[in-house]
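The structure under discussion appears below in the form of structure tokens.
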Amino acid sequence: MDAAIPSRYAATYAAWQADPGGFWAEAAKAIDWVTPPKTVFDPSQGAYGRWFPDGVCNTCYNAVDRHAASHPDRVALIYDSPVTGAKKTFTYAQLKAEVATFAAVMADLGVTKGDRVIVYMPMVPEAAIAMLACARIGAIHSVVFGGFAAKELATRIDDCHPKLIVSASCGIEGAKVIPYKPLLDGAIDLAVAKPEHCIILQRPQVDAQFTPDRDFDWEALVTRARLQGKQAPCVPVAATDPLYVLYTSGTTGKPKGVVRDNGGHMVALAWSMGNLYGIKPGEVFWAASDVGWVVGHSYIVYAPLIAGATTILYEGKPVGTPDPGAYWRVISEHGVSALFTAPTAFRAIKKEDPNADHLKRYDLSGFRTLFLAGERADPDTVVWAEKILGVPVVDHWWQTETGWCIVGNPVGLGLLPVKPGSPTVPMPGYDVRIVDEAGHDVPANTMGSIVIKLPLPPGSLPTLWQQDDRFKESYLEAFPGCYSTSDAGFIDDDGYLYIMGRTDDIINVAGHRLSTGGMEEVLSSHPDVAECAVIGMADSLKGEVPCGFVVLKMGVNKTPAVVEKELVQLVRDKIGPVAAFKLAIAVQRLPKTRSGKILRGTMKKIADGTEWSMPATIDDPSVLAEIEEALKGRSG
1 MDAAIPSRYA
11 ATYAAWQADP
21 GGFWAEAAKA
31 IDWVTPPKTV
41 FDPSQGAYGR
51 WFPDGVCNTC
61 YNAVDRHAAS
71 HPDRVALIYD
81 SPVTGAKKTF
91 TYAQLKAEVA
101 TFAAVMADLG
111 VTKGDRVIVY
121 MPMVPEAAIA
131 MLACARIGAI
141 HSVVFGGFAA
151 KELATRIDDC
161 HPKLIVSASC
171 GIEGAKVIPY
181 KPLLDGAIDL
191 AVAKPEHCII
201 LQRPQVDAQF
211 TPDRDFDWEA
221 LVTRARLQGK
231 QAPCVPVAAT
241 DPLYVLYTSG
251 TTGKPKGVVR
261 DNGGHMVALA
271 WSMGNLYGIK
281 PGEVFWAASD
291 VGWVVGHSYI
301 VYAPLIAGAT
311 TILYEGKPVG
321 TPDPGAYWRV
331 ISEHGVSALF
341 TAPTAFRAIK
351 KEDPNADHLK
361 RYDLSGFRTL
371 FLAGERADPD
381 TVVWAEKILG
391 VPVVDHWWQT
401 ETGWCIVGNP
411 VGLGLLPVKP
421 GSPTVPMPGY
431 DVRIVDEAGH
441 DVPANTMGSI
451 VIKLPLPPGS
461 LPTLWQQDDR
471 FKESYLEAFP
481 GCYSTSDAGF
491 IDDDGYLYIM
501 GRTDDIINVA
511 GHRLSTGGME
521 EVLSSHPDVA
531 ECAVIGMADS
541 LKGEVPCGFV
551 VLKMGVNKTP
561 AVVEKELVQL
571 VRDKIGPVAA
581 FKLAIAVQRL
591 PKTRSGKILR
601 GTMKKIADGT
611 EWSMPATIDD
621 PSVLAEIEEA
631 LKGRSG
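For the sequence shown, position 128 matches number 128 in the UniProt record's numbering, and the numbering has no gaps at all.
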């Protein structure tokens, strides 16, 4: 696809390279500061420096109050829940009232600046309200995905020591109702660090049982605060003060608490909404994610509101709530300009409705752009989405740690030519390099480790919660002077980045370093394949050999064995005998996290016959039993 207009990307990126301080000082003008920063970056603070160290601000004020003052009747948030049938809209004025009231409720329970609050909630407006209320009074929120196992929640309680936990009586996953209170009670029993109080939102589907003197009803507290006219003001905080802690799985069993600051976070997100996503104030932006993940933090709650746009909070699935047209309904009904979702969502839609028949029922004439992220977007899915939607499909790449896009296609600066398989080019602030194992730059089109030259830009993590040494060890020590992304890939002659998988997804077959992502690209190009995953299985002769798991599209007439044989030949034709690809296995489903990432690491452990444990983030544990069964008698 050719760029519709000449892109300003090259000039913008060059301006950042020439004067990083000046670039971010200009970007910081999009934020209302209590005390504007005089210092843009101080390299002497923290592990690699701190952004806007002398600035004072409040994130809730920038996301809610300033817009409530200038355009109070503009819609800020749309709640759409096909699993309950509920829909609700909040103007900026209404959102401010809700947030300020709940902030007062928390303050009455003793929550003050710097205290931690765990938010363990489903996708309901109250989750976003609780997050913004924490930001309002300077408390540090830590959102834990609703329905997380008690043991996993307990480890997060013990790590951040929350004064308060905000939760709900239940969540709804497709057709399943999941009671949260027994999980919450179990986690508190397991945890050493007990919260002083819990606030529980009672939902009609489940009535939670309260623990006396500890648990309070959300509606009762909020109603009382409203009657008393209580509204908490915005508390000034340092730009370097934490806004939130978001946990990502750690290899040692102890989760890593990614810290996000207030000032740099706002500046980066404000820049990205206009320049990367091309969203103007008042337009509708939909990130189809969950507030338990970084995408939900950055692009459901904070960025759209900071930009004065309208955000959608969706409690549903891409298929099954009620059908594969669910996303098209939301886009049509609410006038969505841009959708941001994971490639796995579109693979699910493609599997259920390969001809996009459900799309024909809806008017998407106002829809401009589809953004994909969260895992590698295989070219076949990108091309399919482009074909059915007739709009640019923009893959972009970032991590929980960075908080916003590392490499993307800047729609707001003018779309660059799309190359399926590549998330395109680095955003300002990111000096992306490909290096070998010794940390030396490698030539174009040569695969290696993807690193980012320090300093990281505003919005990226400055450290891990109370684990500075672990932060340095995890991210900065492998390649001195750089942040290690733990991803592998290459940069082509045009400067486009290609991510071929996590560093540990590069397999060594008889001395040849091969990308599982490259093999997945080949498998997904087969017309009968809806989605796939390739892992490296231990092999006594070659060290590792690849094994491909595929989910077939609905309505395929061939037997799985026939398709499997075709896939083995396809990899041999496209990559060559060096890949030693001899095993393709058709399965009903792939094991995934609730955010849609395929659990390749666990699949590999099962295939190798090594000890494995049930991942805390898994969407459906029964799928792993299906993988075990599928592998029986199939190795070798």
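Glycine included, every Cβ here is placed at the ideal spot set by N, Cα and C.
Per the coordinates, the alpha-carbon of E173 lies some 11 Å from the alpha-carbon of D620.
Distance from H358 to V284 at the Cβ level is roughly 21 Å; contact not present, criterion being Cβ atoms closer than 8 Å. The three-state reading of DSSP puts E98 in helix, counting H, G and I together. Checking the DSSP bridge columns, you'll see R50 partnered with D42.
When only Cα atoms are considered, K565 and P615 end up about 31 Å apart. Cβ neighbours of G296 within its own chain (closer than 6 Å, five residues either side excluded): S289 and D290. In the three-state reduction of the DSSP assignment, D80 falls in the strand class. Secondary structure note for W328: its alpha helix (DSSP H) is the uninterrupted segment A326 to H334. For the pair of segments examined, the segment 73-81 was found not to touch the segment 49-62: the number of CB pairs separated by less than 8 Å stays below three.
DSSP places V393 within a strand segment (E or B) once states are collapsed to three. Leaving aside the five residues that flank D353 on each side, the residues in its chain whose CB is nearer than 7 Å to its CB run, in chain order, P324. Residue nearest to F490 within the set L461, S525, P423 and L456 is P423 (criterion: CA-CA distance).
Residue pairing of L497 in beta bridges, as defined by DSSP: T424 and I491.
Under the three-state reduction of DSSP, N445 is assigned to coil, being neither helix nor strand. For D185, the enclosing alpha helix (DSSP H) begins and ends at K181 to L190. The beta-carbon distance between L184 and Y120, rounded to whole angstroms, is 6 Å. This is short enough to meet the 8 Å contact definition. Taken atom to atom, the span from the alpha-carbon of H526 to that of P546 is near 17 Å. As the crow flies, the alpha-carbon of G414 is around 22 Å from that of P457. Per the C-alpha coordinates, the member of L552, I575 and K597 positioned closest to V587 is L552. Under the three-state reduction of DSSP, W286 is assigned to strand. DSSP places H197 in no alpha helix (DSSP H) but in the uninterrupted beta strand (DSSP E) bounded by H197 to L201. Remark: C-beta atoms of G264 and S540 do not approach each other more closely than 9 Å. Rounded to the nearest whole angstrom, the CA to CA distance from H197 to A187 is 14 Å. For the pair S486 and I499, the Cα-to-Cα distance works out to about 11 Å.
Of T559, E628 and V105, the smallest CA-CA separation from P233 is found for V105.
Residue environment for P410: buried (at least 16 other C-beta atoms within 10 angstroms of its C-beta). Annotated three-state conformation of K565 is helix, per DSSP.
Looking at the DSSP output, Y247 sits in a beta bridge with G257. DSSP, reduced to helix, strand and coil, places E629 within a helical segment of the structure shown. Assignment of R116 by DSSP, reduced to helix, strand and coil, places it in the strand class.
According to the DSSP assignment, C160 belongs to the alpha helix (DSSP H) that extends over A150 to C160.
For S524, the closest C-alpha among the options V442, R347 and I452 is that of R347. When the Cα atoms are used, V294 and P462 turn out to be separated by approximately 16 Å. Following the DSSP letters along the chain, one finds A208 in no beta strand (DSSP E), marked with neither H nor E. Listed as beta-bridge partners of T516 by DSSP are no residues whatsoever.
I388 and A356 have their alpha carbons spaced roughly 7 Å apart.
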